[in-house]
Amino acid sequence: MFFVSLKAENLSRAYGSGLLGKGKYIFRDVSFELEPGKTFGLMGPSGEGKSTLGRIIAGLESPTDGAVLFNGNPLSRMKKAEYSTFRRRVQMMFQDPTDAFNPRKRIENSIFEVLKLLEISGTERIRCTKEMLKTTGLPEEVLFRYPSQLSGGQLQRLALGRILLLDPEYIVLDEPTSALDVSVQAQILHLLKKVQTEQGIGYLLISHDEAVIRFMSDSCGELENGKLGLIEL
């Protein structure tokens, strides 16, 4: 059966510049593969480069060495059209949901901007928006609010919903619940599992919380001292 693959191959990342042109490495030779409908959990101490690795997988940063392969094609060799497809198919959901929305715009405007990029308008735009709200369990009233008028949990649901409008194959989840109250964290995790079951999306879940990793993940690894070690669940 054909599926869209996303693979990290010997990824390394260094910052600064040293005598040989490369600075200090925060991690080296990291390799793993994401699968549709499954979650790879990534944990480790703060400062080990977990978020940086996630941004590299999502195409938001470039590795110092190694490659990200999407359907076997390195991102660095993709043509513009291929890279645009990749950026739509691989999305990233960040820790603080308030960063995902323009504070000066009502939520409906932020949602409609995505649909405009997809060239969706009229009745189809309304249908897509209603379907997104249904999937994320939110009332229509949130569309007419500003981000400051909504809770962190509501904003994180909306951030996920806006990503789902793009029909992604994979989502990098960078500490998606750590900025939320404990009671809301469980709701978001269950929503992510529900969406994954229904849509077959693959997740790279980054978290410092081992309980979250064990609850969500099919396989996991720990990034520590610049190396990735696989862990049995």
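All residue numbers for the sequence shown refer to this note's numbering, where the first residue is 31 and numbers rise by one.
Note that beta-carbon positions come from the ideal geometry of N, C-alpha and C, so glycine has one too.
How about residue i and residue j: are their beta carbons less than 8 Å apart?
i	j	result
Ile231	Val225	yes
Arg36	Val120	A small correction: the amino acid at residue 36 is Leu; Arg does not occupy that position in the sequence shown. Yes, Cβ-Cβ distance for Leu36 and Val120 is below 8 Å.
Ser81	Ile236	yes
Gln215	Thr227	no
Phe62	Ser42	no
Met123	Leu90	no
Arg136	Gly167	no
Pro66	Val34	yes
Leu203	Gly183	no
Ala44	Thr94	yes
Ser178	Pro133	yes
Leu105	Leu253	no
Does DSSP put residue i in a helix, a strand or coil?
i	result
Ile193	helix
Ser140	helix
Tyr113	helix
Val79	According to the sequence provided, residue 79 is Gly. The question's Val does not apply to it. It is coil, neither helix nor strand.
Gln121	strand
Glu254	strand
Ala88	coil
Ile22	This structure does not reach residue 22, given that the chain is present from 31 up to 263, and the question cannot be answered.
Ser35	coil
Lys7	With the chain represented from 31 up to 263, any question about residue 7 goes unanswered, as that position is not in the structure.
Arg43	strand
Lys146	helix
Measuring CA to CA, which of the options is closest to residue i?
i	options	result
Glu149	Arg175, Leu195, Met108	Leu195
Asp197	Asp239, Val144, Gln125, Thr69	Val144
Leu72	Phe100, Lys257, Ile243	Ile243
Gly96	Tyr55, Ala88, Ala44, Glu39	Glu39
Asp15	Met108, Lys257, Lys223, Asn255	Absent from the structure is residue 15, since the part of the chain shown begins at 31 and ends at 263.
Ile201	His238, Arg118, Tyr45	Arg118
Tyr55	Leu263, Gly259, Asn255, Gln229	Asn255
Gly251	Leu64, Tyr45, Phe116	Leu64
Met246	Pro133, Phe70, Gly53	Phe70
Query raised in the report: Per the contact definition of three or more C-beta pairs closer than 8 Å, is the region 65-85 in contact with the region 127-141?
Result: no
Query - Three-pair Cβ contact test at 8 Å for the region 132-141 versus the region 179-194 - result: yes
Report task. Within the region 203-241, note down every full alpha helix (DSSP H) run reaching 4 residues or more, in order along the chain. Result -> 212-229
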